[in-house]
Amino acid sequence: MNDLGKTLLPDVNALIIEKLNTYPADVRELAIQAIRLSESYPETAVAEQLQTIVRKLAKQQGGNGL
Amino acid sequence: MILHKMIVENFRQFRGRQEIEFWAPSLPHHNVTVVFGENGRGKTGLFRAIMFCLFGERRLSQDGDVPREELLLVNVSALEANTRQPVRTSVELEFTHMGQSYRLRRAILGMPDGKRIIEEEDEKRLFVITSDGNTQTVPSIEIDAVIDSILDRRVKDYFLFDGEKIERLTRASIEQRREISAGIRNLLNVDALETAIRAVGRVSKALEKELSNSSHEELSRLLKHLSDNEEEQTQLRKQLDGLADEMGLARQEVDKTDNELKKFNEIRHLLDKRKLLEQDLKGQEQQADEVLKEMHNLVCKASALIVSSTVITVFEHIERQKQKGEIPSEIRRDLIERILADDKCICGRVVLKDPAAHSHILDWQKRTSDVATQDAALNLWRYLSEVRNHFGDNADLVEKRLQQYGNIRSAIANINRSLENVRNQIGTSERQDATKLDEHRKKLQDSIITLEADARNAQTLLEQLKQEEERLRALLKEERLKVGRNDELSRRSILARDTQDALKGVHDQFTREIKQLIGQSATQFFRKLLDKEGRENLRTIVVNDDYSLQVLDRYKKPFLANISAGQRQIMSISFIAALARTASRGGQIEIPLFMDTPFGRLSFEHRQNLINHIPTFASQWILLATDTEFRRQEANLLKTSGKWGKFFILRPTHDGNTTIEEQDINSALAILRDEEDY
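Line order of the protein sequences matches chains A and B.
Every position in the first sequence, counted from 1, becomes a number in the numbering used here once 276 is added.
Every position in the second sequence, counted from 1, becomes a number in the numbering used here once 41 is added.
Quick look at the structure:
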């Protein structure tokens, strides 16, 4: 099935991030930032910081003509 | 993690300072320690001391509802001897992990306070011993994080197997599902992912609200519907969980009532008969469901049977025209029309001069149709020919299924009649107490039927919502193509929603994979630990979607209900070993496995397999055993394995305390008894 057995526990977030590879770049970027922030901050603080990241990514999308 | 040594001081039964060495550096491959003692001597107390030292916890999972004030760690006789003076209780643990050595010390002060005894934290210190022999102190604030990185506190309880836990894990009960679910959830360690999902969800909701005030009404409407749909699905899932819990409780109550009823010997045969009939009924109902599902799948094919006579009439009509040469016609209509228009045959003769030939051509003209109509008729003929060929097969299949369904319904009706009859006999039993119990049971069964119906309805509703969700997503995809490119707010909202979906998808995939991985790993252990007979029949351990455990037989059929108490114990040990292996990242289990009286229900072959295999799976095996289960036979097996390093006896003292006494393993054989001695 996969190499979960070898990579569990401490590397769990790295494994999750790897699974996000199949998603579009902006979704992946936002998801990774959300996980990274969630490692250190509570939910509300993460949501606040994500607002800025979402705005930045959406602007970039617009700039790329997407 | 390998435990080397523990020093306890005034801890529970252990008065004064006492030491236990679990592992000797001179015998690095001897990773088995046996702690031998009667019940109540403090075997579990040693595990408690380790948990206290590592995590500051005094409560073990098996303590259940025992109030905290009753879970004293301080040695009470030391406290009594030391009236009015606090007594220091401490545990010091030396261990290695990933080649690094640690020394951890935790202490509390116990003191009387009126009739109560209070305990206050006194000391917590962790030292790391570097390779050059120097000692570094870990700052107090970092100690918990360091220990958690060595052994996550959320999975710690799995490494003490006691009889109760073993029993609980294999029972088909809510507690079992919760226990396993908690074990796997803790192991997943996806806290950050779950926080991220909720945080992105908040952002998404806020943006949807903002969008609803903008000009993109349709996009906003769709996003809102999707959110509502997801919320409804979440509520329905919760409802289904609640119903499953209620059904589980009702079934447990039925089992309990059955056990009570069995005490009435005069109706025992009726109870057995009822149980068989109920099992049969369940089997028939399952079969009926399966046949209904098959019939549902046949609807598309079988619908043509309704118009079979029309199909055959049309087919035969075209066929007749074909036979007559009208389709396709011998001469093309456009050719005849050209002859009539030119008044000249293809041979050059003038048609009008020959009235018989002219009339013949007019007759041909009537019988022929245009090319497109002919092609359509021929295509229809081919299609109907194909459809017609399957009529026989489909009709047979439908008839067979209908007959099968009818037979099953009739069998169900017969079983229900027999059940009613048996129930009446139980109900009219002279034993009024039995009758009351049976009425109680009947009410429970009725409530299970109602709950099952509620669960089916909720499930159907959930399926409908899922279909609606798919439809909404498709509409959303179209809508976002229209508006998403030019509007930043829409782009933000869509991005947040897509990210939330992506994170949820990863979470689901991850959970599924972990369950599968644990099932596979548990199966490997199970196959090694089972006796020959068990290995022949029992093949796979599965962690179901609802987190219940199941074992499949050689025909891949569920077999948990039929396995023996010993096999259940082996199954639980395999599951916990799989959890431990997964927590140890697939390699050797780097967590010491404590087993409290593990051999109780096991056959000698099972004991033999445990003794031969556990020391190779685990980095350390600490057996807490009584004299009724750890006998000379087991000791001989362990000695032969070459893995047995240490042997301790917990001896009672005159004042009701316990002393830890190390014995040479050779002398252990002299102390232990043979099976015949019992």
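We put the beta carbon where it would ideally sit given N, CA and C, even for glycine.
{"Asked": "Distance between ASN677 (chain B) and ARG53 (chain B) (C-alpha atoms, nearest Å)", "Found": "32 Å"}
{"Asked": "Outcome for ASP549 (chain B) when other beta-carbon atoms lying within 10 angstroms are tallied against a minimum of 16", "Found": "exposed"}
{"Asked": "DSSP-derived helix/strand/coil call for GLY686 (chain B)", "Found": "strand"}
{"Asked": "For THR130 (chain B), the first and last residue of its enclosing beta strand (DSSP E)", "Found": "128-138"}
{"Asked": "Residues of its chain near GLN445 (chain B), where Cβ-Cβ distance is below 8 Å and the 5 sequence neighbours each way are ignored", "Found": "VAL332"}
{"Asked": "Opposing strand residues paired with SER142 (chain B) [DSSP bridges]", "Found": "B:THR137, B:ILE170"}
{"Asked": "6 Å CB neighbourhood of PRO369 (chain B) in its chain, flanking five on each side removed", "Found": "GLN415"}
{"Asked": "Cross-strand partners of GLY151 (chain B) (DSSP beta bridge)", "Found": "B:VAL128, B:GLU160"}
{"Asked": "Within chain A, the residues that GLU529 (chain B) reaches when beta carbons sit closer than 9 Å", "Found": "ARG331, ALA334, LYS335, GLN337, GLY338"}
{"Asked": "Those residues which DSSP pairs with ASP637 (chain B) across a bridge", "Found": "B:LEU665"}
{"Asked": "Beta-carbon proximity check, GLN684 (chain B) vs ASN72 (chain B), cutoff 9 Å", "Found": "The sequence as given places Lys at residue 684 (chain B); Gln does not occur at that position. It is a contact, given that the beta carbons lie within the stated cut-off."}
{"Asked": "Meets three-Cβ-pair contact criterion under 8 Å: the region 305-319 of chain A and the region 256-270 of chain B", "Found": "no"}
{"Asked": "Nearest to GLU50 (chain B) (by Cα), restricted to the options B:VAL117, B:VAL169, B:GLU110", "Found": "B:VAL117"}
{"Asked": "CB contact below 9 Å: LEU284 (chain A) versus chain B", "Found": "With a pLDDT of 39 at LEU284 (chain A), under the threshold of 50, the predicted position of this residue should be treated as unreliable, though the coordinate-derived value follows. Output row for LEU284 (chain A): interface = yes."}
{"Asked": "Boundaries of the alpha helix (DSSP H) in which LYS46 (chain B) is found, first to last residue", "Found": "Looking at the DSSP string, LYS46 (chain B) is not in any alpha helix (DSSP H); the run it does join, the beta strand (DSSP E), is 43-52."}
{"Asked": "Candidates B:LYS265, B:LYS598, B:LYS165, B:ILE91: closest to PHE136 (chain B) by CA position", "Found": "B:ILE91"}
{"Asked": "Pair within 9 Å by beta-carbon distance, THR564 (chain B) and THR552 (chain B)", "Found": "no"}
{"Asked": "Run of the alpha helix (DSSP H) containing LEU544 (chain B), from where it starts to where it stops", "Found": "529-570"}
{"Asked": "Below-9 Å beta-carbon distance, ALA290 (chain A) vs any chain B residue", "Found": "no"}
{"Asked": "Backbone secondary structure at ARG692 (chain B) - three-state DSSP", "Found": "strand"}
{"Asked": "Any 3 or more C-beta pairs closer than 8 Å across the region 535-544 of chain B and the region 299-309 of chain B", "Found": "no"}
{"Asked": "Test: ASP539 (chain B) CB closer than 9 Å to a CB of chain A", "Found": "yes"}
{"Asked": "Closest Cα partner of GLN328 (chain B) within the set B:ARG532, B:LEU393, B:ALA452", "Found": "B:ALA452"}
{"Asked": "Contacts of ALA323 (chain A) in chain B (Cβ-Cβ under 9 Å)", "Found": "ARG239, ALA240, VAL241, GLY242, ARG243, VAL244, ALA247"}
{"Asked": "ILE221 (chain B) versus SER349 (chain B) - alpha carbon distance", "Found": "55 Å"}
{"Asked": "Three-way DSSP call (helix, strand, coil) for ARG292 (chain B) in this model", "Found": "helix"}
{"Asked": "Segments of 4+ residues assigned as alpha helix (DSSP H) that fall wholly inside the region 386-438 of chain B", "Found": "396-408"}
{"Asked": "GLY324 (chain B), DSSP secondary structure in three states", "Found": "helix"}
{"Asked": "Chain-ordered neighbours of PHE551 (chain B) on chain A, where CB pairs are closer than 9 Å", "Found": "LEU280, VAL288, LEU291, ILE292, LYS295"}
{"Asked": "Whole-angstrom C-beta distance between ILE456 (chain B) and ASP321 (chain B), which should lie under 8 Å", "Found": "6 Å"}
{"Asked": "GLY32 (chain B), buried or exposed, once every other Cβ within 10 Å from all chains shown has been counted against 16", "Found": "Any question about residue 32 (chain B) goes unanswered here, given that chain B covers just 42 to 719."}
{"Asked": "Nearest-angstrom Cα separation, counted from GLU111 (chain B) out to TYR719 (chain B)", "Found": "With a pLDDT of 47 at TYR719 (chain B), under the threshold of 50, the modelled position of this residue cannot be trusted; read the value that follows with caution. Computed Cα separation, rounded: 35 Å."}
{"Asked": "Classification of GLN59 (chain B) by the beta-carbon crowding that lies within 10 angstroms, buried from 16 upward", "Found": "buried"}
{"Asked": "Own chain partners of ALA499 (chain B) with C-beta closer than 8 Å, once the 5 adjacent residues on each side are dropped", "Found": "LEU277, GLN280, LEU281, LEU284"}
{"Asked": "Beta-bridge partners of GLU703 (chain B), as assigned by DSSP", "Found": "B:PHE689"}
{"Asked": "Chain A within 9 Å of ALA563 (chain B), Cβ atoms only", "Found": "no"}
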